[in-house]
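These notes are about the structure you will find just below.
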Amino acid sequence: MTNPHFRKLLGALVATSVQFGTLGFAFADTTILNVSYDPTRELYKQFDEAFIAHWKAETGETITVQQSHGGSGAQARAVIDGLDADVVTLALEGDINAIVEKSKKINPDWRTKFENNSAPYTSTIIFLVRKGNPKGIHDWGDLVKDDVQVITPNPKTSGGARWNYLAAWAYANAKDGGDEAKTKEFVGNLYSHVPVLDTGARGATVTFAQKGLGDVLLAWENEAYLALDEFGADNFDIVYPPTSILAEPPVAVVDANVDAKGTRKVAEAYLSYLYSKEGQTLIAKNHYRPSKPDLVPPEDLAKLPEIKLITIDDPLFGGWKKAQPYHFGDGGIFDQIYKPAQ
Amino acid sequence: MADPEIKSYAPHHESLSAAVTESRPAKAVLMIVSFAFLGIFLLLPLIVVFNEAFAKGFSDYADALTSPDTRSAIYLTLLVAAISVPLNIVFGVSAAWAIAKFEFKGKAFLTTLIDLPFSVSPVISGLVYVLLFGAQGLLGAWLKAHGIVILFAVPGIVLATIFVTFPFVARELIPLMQEQGNGDEEAALSLGANGWQAFWYVTLPNVKWGLLYGVLLCNARAMGEFGAVSVVSGHIRGLTNTMPLHVEILYNEYNAAAAFAVASLLAGLALVTLVLKTLLEMRYGAEIAATRGH
Chain L
12 MTNPHFRKLL GALVATSVQF GTLGFAFADT TILNVSYDPT RELYKQFDEA
62 FIAHWKAETG ETITVQQSHG GSGAQARAVI DGLDADVVTL ALEGDINAIV
112 EKSKKINPDW RTKFENNSAP YTSTIIFLVR KGNPKGIHDW GDLVKDDVQV
162 ITPNPKTSGG ARWNYLAAWA YANAKDGGDE AKTKEFVGNL YSHVPVLDTG
212 ARGATVTFAQ KGLGDVLLAW ENEAYLALDE FGADNFDIVY PPTSILAEPP
262 VAVVDANVDA KGTRKVAEAY LSYLYSKEGQ TLIAKNHYRP SKPDLVPPED
312 LAKLPEIKLI TIDDPLFGGW KKAQPYHFGD GGIFDQIYKP AQ
Chain R
5 MADPEIKSYA PHHESLSAAV TESRPAKAVL MIVSFAFLGI FLLLPLIVVF
55 NEAFAKGFSD YADALTSPDT RSAIYLTLLV AAISVPLNIV FGVSAAWAIA
105 KFEFKGKAFL TTLIDLPFSV SPVISGLVYV LLFGAQGLLG AWLKAHGIVI
155 LFAVPGIVLA TIFVTFPFVA RELIPLMQEQ GNGDEEAALS LGANGWQAFW
205 YVTLPNVKWG LLYGVLLCNA RAMGEFGAVS VVSGHIRGLT NTMPLHVEIL
255 YNEYNAAAAF AVASLLAGLA LVTLVLKTLL EMRYGAEIAA TRGH
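Heads up: the protein sequence lines correspond to chains L and R, in order. Read left to right, the first sequence gives residues 12 to 353 (my numbering). Read left to right, the second sequence gives residues 5 to 298 (my numbering).
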C-alpha cells in the first residue's frame, strides 16, 4: 500500500474519475432522477412527458427527468448506497423507511408531505391465469391445489412480492380464524408451489407470460392489464379474488440529494403533479387506482372493480414498521417457511 | 458462410492425420458430434438473435438502434471500452513484464492476484466497489465531501469493467514473455540501448501479436460485461446503461425486437472478434514457432 507507484496510480484513477463524474452533468439543464420500482415504467414514461410540458408552460424552464427502474428493495438499496435520486417512487413504505433509517437522506416525516400519506395512487394484487382458467383458480385457496404452479417474485427484493405474500396471509388468517400456526402453514404451502422466485415484479411477469412458466401469476393489477395489452387478451384472463390487499405505493423527495443539487422546487412540484387532474388520469389509464378518483373521467375507472381490500395498517399487520421485520426481516416468517421448490 | 471456414482448417487435418490412428467412421462420428453440438448450442442461438432483431422489419431495426436511449447505451459502452482497454494494456504489460522478466518477493502472489477476477463472480466484483465507494462504504464519506462521483456513474462502470477484464492482457503476455526470456533485451542493453528503447524496439515487437490478441479478448469482455456493471450502474436510462444492461431493460419492457436489435450489435461484435482472433491465431502461432526456433 505504501508503494509510491501504487499511490501515483490511484491518484491518476481518481483524477480520471473526477473528470468523467462531472462530464455527465456538465451540459444538462435542471435534471431530476426518479428512482422507481419495476412496473411503473409505462406510467412514468407518460407522466414525465406530461410534467416536462407542464413545467415548461408554468416556468419556461426546460427540464429533464431521468428514470431508473428495478425491484423496489434493490432500488432503495441503491439510493442508500449513493444513487443520486431526487425523488423515490417505490412499491412500499418499508423501502422508503429503509432509506430514512440507513442513510438519513429522507426526513422521517416524509409521509406527511403529500396527500393520502404520500401515496398518489393505490393498487391491489390480483391473479393472471392462462386463457379459460384451465386450473379453475378463483380464490387464494385454489393456489395450493396439487397441480397448480404459482409465479410470484422474491419478497426479499420485490415490493410487489411482499404485497402478494401479505394478501395470501390475510386470506389464510381470515379462513383459519386467526390461528397463526395454520396461516403460516398455508403460506408456506403456497410458496412450495412456486417454481422460481424472480427478483422483481416485471421479471415474474416475463417468466409467466413470455417464458410460459406456471398456471397463475400473482400480479399487480396494473401489471396484469399491461400483460393483457402486450401479449393479447386471447392468451390470458384476469381473475379478481374475493379479497386482496390494499397496496399504497408511496413517493418521497430525497431531501439530502435535492438540497445538495438545488432541485427541491422541481422535485416537489413533480410529485405534487401526480395528484393533479392530468396526473391522476394518467395513473388511471395505466390501471392504478387514483387516490382522487373524482378528478378522473369515469370511463377510466370502470375497469377497476371494487373488492374487499385489507390495509397494511390493519391490526393483523400493524403497519409496515412492524410487518416488515416480522415477516421479511432476517429470520422472519418468510425465512422460516420458504424452502425452494423440489 | 460455414464452408470457407471448414476449408481453412483442412490443411491442419492433413498434417495431423499421419499421427492420428482412429478409423474413418470414428473420425466421422467425432466430427458430426462436434459440429452438431456447436450448431445447436452456438450457431442456432446466434441465428435466433438476428432473426428476432429483424422480426419487425429493417426500419424497426434501424429505429431501435437510433433511439436516444440506445444511442446513449452504445456511446457509453464504447466510452467504457475506450478507457478500460488502454488502462488494462498499461497494467497488463507492466504486470507481465514484472512477472516474466525479473525475480522479486511476492511474485507468486501477484500471479494469483491477476487471476482473481477470473475466479470471482462478476456480481462480487461489482459489490466490492459498492462497499468501497458507496455512500455507506469505506471511502463514501470522503468522496462525497470532495464532490467525487464514482458509484452509479461512468467511473464506477469503468472501474468494474477494468476489474473483470484485468487478466486478459496479462495472461496472454506472461507465458510469451517468460518463454522469450531476457536474452534479446540484454543484447539490446549491451549495445547501448536504454531501458525504454529496449522495451519499445525489442520487447514490444516480440510480443505484439500476443498483446493484440489479449486486447481483443479484453475489449470483447469490456463491451459485453453484465453482472459487475449491473451492480454499479444504477440503471439510469440514457445515462448509465451500457448495451448489455439496455438489452435487459428493453426485454423487460416487452420490447423484444429492440432488445434483440441491440443484442445483434453485441453478437456482431463477437463475430468480428472471432474472425480477428482466428486471423491472429494463425499469425501469432507462427510467431511463437519462430521464437522457439531461436
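Where is the CB? At the ideal position from N, CA and C, for every residue including glycine.
Please go through the same chain and pick out, in chain order, the residues whose beta-carbon is closer than 7 Å to the beta-carbon of residue i, but skip the five residues on each side of it.
i, result
"L/Val-419", "The requested residue 419 of chain L is not part of the displayed model; chain L covers only 12 to 353."
"L/Arg-213", "Asp-49, Pro-50"
"R/Ser-88", "Val-162, Thr-165, Ile-166, Thr-169, Ala-226"
"R/Gly-228", "Pro-248, Leu-270"
"R/Glu-18", "Because R/Glu-18 carries a pLDDT of 46, less than 50, the predicted location of this residue cannot be relied on, and no value is offered for it."
For residue i, would you say it is in contact with chain L, using Cβ-to-Cβ distances shorter than 8 Å as the test?
i, result
"R/Arg-241", "yes"
"R/Val-156", "Residue identity check: residue 156 of chain R is Phe in the sequence provided, not Val. Chain L, which has a Cβ nearer than 8 Å to the Cβ of R/Phe-156, makes this yes."
"R/Glu-257", "yes"
"R/Gly-144", "yes"
"R/Ala-232", "no"
"R/Val-134", "yes"
"R/Gly-130", "no"
"R/Ala-303", "Since the first and last residues shown for chain R are 5 and 298, residue 303 of chain R lies out of range."
"R/Gly-238", "yes"
What residues match up with residue i in a beta bridge as DSSP calls it?
i, result
"L/Glu-134", "In the sequence as displayed, the identity of residue 134 of chain L is Ser instead of Glu. Per DSSP, L/Ala-258."
"L/Trp-263", "Here residue 263 of chain L turns out to be Ala, not Trp, going by the sequence shown. Partner(s): L/Val-99."
"L/Pro-326", "None; L/Pro-326 has no bridge partner."
"L/Phe-247", "L/Arg-141"
"L/Ile-321", "L/Ile-256"
"L/Pro-301", "L/Tyr-132"
"L/Ile-162", "L/Leu-228"
Any beta-carbon of chain R closer than 8 Å to the one on residue i?
i, result
"L/Val-217", "yes"
"L/Leu-94", "yes"
"L/Gln-77", "yes"
"L/Ile-91", "yes"
"L/Ser-169", "no"
"L/Ser-83", "no"
"L/Glu-241", "yes"
"L/Leu-44", "yes"
"L/Arg-173", "no"
"L/Ser-47", "no"
"L/His-390", "The structure shown does not extend to residue 390 of chain L, since chain L is modelled only from 12 through 353, so no value can be given for it."
"L/Gly-214", "yes"
Where does the unbroken beta strand (DSSP E) through residue i begin, and where does it stop?
i, result
"R/Ala-59", "It is not in any beta strand (DSSP E) - R/Ala-59 carries neither H nor E in the DSSP assignment."
"L/Ser-79", "75-81"
"L/Ile-43", "42-48"
"L/Leu-228", "227-231"
Could you name the residues of the same chain whose beta carbon sits closer than 6 Å to that of residue i, not counting the 5 residues immediately before and after it, in chain order?
i, result
"L/Val-140", "Ile-148, Val-227, Asp-248, Val-250"
"L/Phe-219", "Ile-162, Gly-225, Leu-228"
"L/Ser-197", "One point to set straight first is that residue 197 of chain L is Phe, not Ser, in the sequence displayed. Here the set comprises Ala-183."
"L/Lys-319", "Thr-254"
"L/Ala-278", "Ile-43, Asp-97, Val-98, Val-264, Val-269"
"L/Glu-104", "Pro-261, Trp-331"
"L/Ala-89", "none"
"R/Arg-241", "Asp-73"
Assuming residue i contacts residue j under a Cβ cut-off of 8 Å, what Cβ separation, rounded to an integer in Å, is found between them?
i, j, result
"L/Asp-49", "L/Gly-81", "6 Å"
"L/Phe-339", "L/Lys-167", "7 Å"
"R/Ala-232", "R/Gly-130", "4 Å"
"L/Glu-53", "L/Tyr-286", "With a Cβ gap of about 19 Å, L/Glu-53 and L/Tyr-286 do not count as contacting."
"L/Ser-79", "L/Ser-47", "7 Å"
Looking at the unbroken alpha helix (DSSP H) that takes in residue i, where does it start and where does it end?
i, result
"R/Ala-139", "No alpha helix (DSSP H) holds R/Ala-139; DSSP gives it neither H nor E."
"R/Arg-75", "72-105"
"L/Trp-121", "Per DSSP, L/Trp-121 belongs to no alpha helix (DSSP H) and is neither H nor E."
"R/Trp-146", "144-149"
"R/Glu-26", "Premise fails: R/Glu-26 is in no alpha helix (DSSP H) and is neither H nor E."
"R/Ser-194", "187-194"
"R/Val-308", "No statement about residue 308 of chain R is possible, as the shown extent of chain R runs from 5 to 298 and does not include it."
"L/Phe-339", "Segment: none, L/Phe-339 is in no alpha helix (DSSP H) and carries neither H nor E."
"R/Phe-167", "158-184"
"L/Lys-314", "Per DSSP, L/Lys-314 belongs to no alpha helix (DSSP H) and is neither H nor E."
"L/Asp-187", "Careful: L/Asp-187 lies outside any alpha helix (DSSP H) and carries neither H nor E."
"L/Gly-214", "212-220"
"R/Tyr-255", "247-256"
I'd like the list of long-range same chain contacts for residue i, defined as Cβ closer than 8 Å, with 5 residues on each side in sequence excluded.
i, result
"R/Leu-143", "Leu-136, Phe-137"
"L/Ala-37", "Low per-residue confidence applies at L/Ala-37: pLDDT is 39, beneath 50, and the placement is therefore not dependable, though the value from the model is reported in the following sentence. So no residue of the chain qualifies."
"L/Gln-221", "Phe-242"
Is residue i a contact residue of the ligand FAD, with contact defined as CB to any heavy atom under 7 Å?
i, result
"L/Trp-151", "Absence of the ligand FAD is noted for the structure shown, with no ligands found whatsoever."
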